[in-house]
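Inspection log for the structure reproduced underneath, given as structure tokens.
In my numbering, the protein residues as written are 88 to 635.
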């Protein structure tokens, strides 16, 4: 549901309904550190969080604020060498009996019984969370039979029903498919089906609708609400989409640099946000921005986790920064009309500092001037011309992989892309968007049709070209893949990955050492990636937003 109508609905409600405080999960003072060669990353700094039974708690915040690390800490899946250094995570594993998850062995029998059966998680990157060498059906069946005493046939049927429930067409065939044979949206839905396979009491959903089209997103959100209302399942929902948060949440938690800065019932957080960071997030939402002028942004970037700022972690970006107070001491958690907020603005001590309020230390990042006018193509001659493009994928079954049919991924697609033009491609999951992109860069051979590049001295037809002949073309036409983790080398550092194309011979000329060093540095700053030379892609101290 769009955010603006949702906010109108929230404003029209008479008042917030009281939350049921019969808690399923209670986190107190949780601190998680990640030792690295550069230093210790304090990923979580004193997280206090409560998830009531049968309720949905949404966690929001910028990339690198600790949302996914909180989820992984609950399941004891903090990537090595990270570890929980203090705090408690109390989970009501049985009626009247709480278990402190931090006291359990990470891979012990009791933790394995909780993980997957009582607490399940929908991971943000399905390609890296699902096994590429097992079929979707085998993975769902394994999950079910690991925790329940059922036959393989019964588990298979349940898995097939779950795939149908999350909106995957032809679930019987998809159960026999491998991860790489599914689109990004289908992988995400398969991950959701696997998480729901054992009817968990707590579902942790880490950006579950990011790769889904709006139709499937609405279907998944409706399914989660139905399961929550029907079975009493609790949901910890991590999201960036404020419209989804407004639709799903009973309570919203705002995180920043590993701390919770505001927590309130949904209506209060959207209609009367208290913390300056929360107000800034709402102002920077495109749906709430004026239709002309520049979109409001939060100045600066999330601070370096290796060198956390003293005092309030948000003070160097805050419009209400008070020197001598905000940068000197960590604000306590205060109750302001039913909202818990960590900000000195609401304390009695702030009265003597308000006259010293200054502009934030951080400065606005450079941005292009906003313009909502439709730009005409610079030249009439297209840059890329596509005519009658079709792609068929064969279906093979049996011991000898005999072809039994095919899937029509693209059917006679034709269009032009002009210089200086942005062409948007939209459609439901599985409709062929990614296949089209792969065809344009030459990694997917079309079954018929033509793709012609007109940006060189002579027209360049992709059909029938070898990889050597396509090499020059691929320097001019690049692709940002949907899943960053599966498309980046996990053994390399960020700096090596960014600078590697410049080290290849005959790529835009020769780059000297100074240029080689400057290029990844500038790119890393722009992408808000810190200390790139020492960070590996598979390391725990890069958030998913930073990988993207």
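Don't be surprised by glycine CBs; every beta carbon is placed ideally from N, CA and C.
_Pair within 7 angstroms by beta-carbon distance, residue 246 and residue 569_ = Taking the chain shown and counting its residues from 1, one reaches residue 246 at position 159. Taking the chain shown and counting its residues from 1, one reaches residue 569 at position 482. No, Cβ-Cβ distance for residue 246 and residue 569 is not below 7 angstroms.
*Distance, Cα to Cα, residue 237 vs residue 231?*
On the chain shown, residue 237 is found 150 positions in, with the first residue counted as 1. On the chain shown, residue 231 is found 144 positions in, with the first residue counted as 1. Going from the Cα of residue 237 to the Cα of residue 231 covers about 8 angstroms.
_Residues bridged to residue 124 [DSSP beta-bridge criterion]_ = Here the question's residue 124 lines up with position 37 in the chain shown. Partner(s): none; residue 124 has no beta bridge.
*asked:* Within 10 Å of its beta-carbon, does residue 512 have 16 or more other beta-carbons around it, so buried, or fewer, so exposed?
replied: To locate residue 512, count along the chain shown from 1; it is residue 425. Exposed, because fewer than 16 other Cβ atoms sit within 10 Å of the Cβ of residue 512.
_Where residue 373 falls, given that 16 or more other Cβ within 10 Å makes a residue buried_ = Within the chain shown, residue 373 is the residue found at index 286, counting from 1. With fewer than 16 Cβ atoms within 10 Å of its Cβ, residue 373 is classed as exposed.
*Taking one C-beta from the stretch 582-591 and one from the stretch 536-543 each time, how about it: are there three or more such pairs within less than 8 angstroms?*
no
_Inter-residue Cα distance where the pair is residue 143 and residue 310_ = Here residue 143 is taken as the residue at index 56 of the chain shown, counted from 1. Here residue 310 is taken as the residue at index 223 of the chain shown, counted from 1. Roughly 13 angstroms separates the two Cα atoms.
*Any heavy atom of the ligand HEM within a distance shorter than 6 angstroms of the CB on residue 574?*
Looking at this structure, you won't find the ligand HEM or any other ligand, since it has none at all.
_Taking only three categories from DSSP, how would you classify residue 199?_
Counting from one through the chain shown, the residue named residue 199 turns up at place 112. Of the three classes helix, strand and coil, the one that applies to residue 199 here is helix, per DSSP.
*Taking residue 296 and residue 308 to be in contact with their CB atoms under 8 angstroms, please state how far apart those CB atoms are, rounded to whole angstroms.*
On the chain shown, residue 296 is found 209 positions in, with the first residue counted as 1. On the chain shown, residue 308 is found 221 positions in, with the first residue counted as 1. Contact holds; Cβ gap of about 7 angstroms.
_Reference residue 497; option with closest CA among 506, 119, 508 and 521_ = The count along the chain shown starts at 1 and reaches residue 497 at position 410. Comparing Cα positions, the closest option is 521.
*How many Å lie between residue 277 and residue 501 at the Cα?*
As a working mapping, residue 277 is identified with position 190 in the chain shown. As a working mapping, residue 501 is identified with position 414 in the chain shown. Near 31 angstroms, if we compare the C-alpha coordinates of residue 501 and residue 277.
_Can you give me the C-alpha to C-alpha distance between residue 138 and residue 367, rounded to a whole angstrom?_
As a working mapping, residue 138 is identified with position 51 in the chain shown. As a working mapping, residue 367 is identified with position 280 in the chain shown. For residue 138 and residue 367, the distance between alpha carbons rounds to 26 angstroms.
*asked:* Between the stretch 275-294 and the stretch 246-255, can you find at least three pairs of beta-carbon atoms closer than 8 angstroms?
replied: yes
*Reduced DSSP secondary structure (H/G/I, E/B, other) of residue 432*: The residue given as residue 432 occupies position 345 in the chain shown. In the structure shown, residue 432 sits in a helix (DSSP, three-state: H, G or I).
*What is the rounded straight-line gap between the Cα of residue 201 and the Cα of residue 180?*
Taking the chain shown and counting its residues from 1, the one referred to as residue 201 is at position 114. Taking the chain shown and counting its residues from 1, the one referred to as residue 180 is at position 93. Approximately 8 angstroms between the Cα atoms of the pair.
*Three-state secondary structure (DSSP) at residue 227?*
For this step, residue 227 is matched to residue 140 along the chain shown. Helix, per DSSP.
*Can you name the start and end residues of the alpha helix (DSSP H) that residue 143 belongs to?*
On the chain shown, position 56 is the one that residue 143 refers to. Careful: residue 143 lies outside any alpha helix (DSSP H), inside the beta strand (DSSP E) at 143-147.
*asked:* Once DSSP output is grouped into helix, strand and coil, what is the label at residue 425?
replied: Counting from one through the chain shown, the residue named residue 425 turns up at place 338. Here residue 425 sits in coil by DSSP.
*So residue 323 and residue 207 are in contact, right, with Cβ under 8 angstroms, and what is the actual spacing, rounded?*
Position 236 of the chain shown, counted from the first residue, corresponds to residue 323. Position 120 of the chain shown, counted from the first residue, corresponds to residue 207. Actually they are not in contact, since the Cβ atoms of residue 323 and residue 207 sit about 11 angstroms apart, beyond 8 angstroms.
*Please determine, among 275, 506 and 146, the residue with the shortest C-alpha to C-alpha distance to residue 469.*
Sequence index remark: in the chain shown, residue 469 carries index 382 (1-based). The option with the nearest alpha carbon to residue 469 is 506.
*From residue 489 to residue 327, what does the alpha carbon distance come to, in whole angstroms?*
On the chain shown, position 402 is the one that residue 489 refers to. On the chain shown, position 240 is the one that residue 327 refers to. Approximately 44 angstroms between the Cα atoms of the pair.
*asked:* Judging by CA-CA distance, which residue of 353, 494, 567 and 557 is the nearest neighbour of residue 268?
replied: Here residue 268 refers to the residue found at position 181 of the chain shown. For residue 268, the nearest C-alpha among the options comes from 494.
_Inter-residue CB distance, residue 153 and residue 345 (contact presumed, cutoff 8 angstroms)_ = Start at 1 with the first residue of the chain shown, and residue 153 comes out as number 66. Start at 1 with the first residue of the chain shown, and residue 345 comes out as number 258. With a Cβ gap of about 4 angstroms, residue 153 and residue 345 count as contacting.
_Measuring only the C-alpha atoms, how far is residue 434 from residue 419?_
Taking the chain shown and counting its residues from 1, one reaches residue 434 at position 347. Taking the chain shown and counting its residues from 1, one reaches residue 419 at position 332. The alpha-carbon atoms of residue 434 and residue 419 are separated by roughly 9 angstroms.
_Residue range of the unbroken beta strand (DSSP E) whose run includes residue 303_ = Against the chain shown, residue 303 aligns to sequence position 216. Where residue 303 is concerned, there is no enclosing beta strand (DSSP E), although the alpha helix (DSSP H) it sits in stretches over 301-318.
*asked:* Below 8 angstroms on the Cβ atoms is my contact criterion, and I expect residue 174 with residue 113 to pass it. Report the Cβ-Cβ distance as a whole number of Å.
replied: As a first step, residue 174 is located in the chain shown; it is residue number 87 there, counting from the start. As a first step, residue 113 is located in the chain shown; it is residue number 26 there, counting from the start. Incorrect: roughly 11 angstroms between the Cβ atoms, too far for contact.
*Near residue 102, what residues of its chain come up, given a Cβ to Cβ distance below 7 angstroms and the 5 sequence neighbours on each side ignored?*
As a working mapping, residue 102 is identified with position 15 in the chain shown. Residue placement at residue 102 is poorly supported in this model, since its pLDDT is 40, which falls under 50; the coordinates are not used for a value here.
*Cβ pair residue 336, residue 145 closer than 7 angstroms*: Position 249 of the chain shown holds residue 336. Position 58 of the chain shown holds residue 145. In this structure, residue 145 lies closer than 7 angstroms to residue 336 by Cβ.
*Taking C-beta to C-beta, are residue 547 and residue 560 nearer than 7 angstroms?*
Position 460 of the chain shown, counted from the first residue, corresponds to residue 547. Position 473 of the chain shown, counted from the first residue, corresponds to residue 560. Yes, the Cβ-Cβ distance between residue 547 and residue 560 is below 7 angstroms.
*In terms of residue numbering, what span does the beta strand (DSSP E) encompassing residue 352 cover?*
Residue 352 sits at position 265 when you count from the first residue of the chain shown. 346-352 is the span of the beta strand (DSSP E), which, as asked, contains residue 352.
*If you drop the 5 nearest sequence neighbours on each side, which residues of the same chain put their C-beta closer than 7 angstroms to that of residue 325?*
For the purposes of this step, residue 325 is identified with residue 238 of the chain shown, where counting begins at 1. Answer for residue 325: 146, 154, 155, 158, 292, 293 and 294, listed in chain order.
*Status (buried if at least 16 other CB within 10 Å, exposed otherwise) for residue 256*: By one-based count along the chain shown, residue 256 stands at place 169. So residue 256 ends up on the exposed side.
*Classification of residue 446 by the beta-carbon crowding that lies within 10 angstroms, buried from 16 upward*: Counting from one through the chain shown, the residue named residue 446 turns up at place 359. Unreliable placement is indicated for residue 446, whose pLDDT of 47 sits below 50; the coordinate value is still reported in the next sentence. So residue 446 counts as exposed.
*Fully enclosed by the stretch 221-302, which alpha helix (DSSP H) runs are 4 residues long or longer?*
223-234, 239-252, 258-262 and 271-282
*asked:* Just to check my reading of the structure: residue 429 and residue 348 have Cβ atoms closer than 8 angstroms, yes? What is that Cβ distance to the nearest angstrom?
replied: Counted from its first residue, the chain shown places residue 429 at position 342. Counted from its first residue, the chain shown places residue 348 at position 261. The Cβ separation is near 5 angstroms, so the contact holds.
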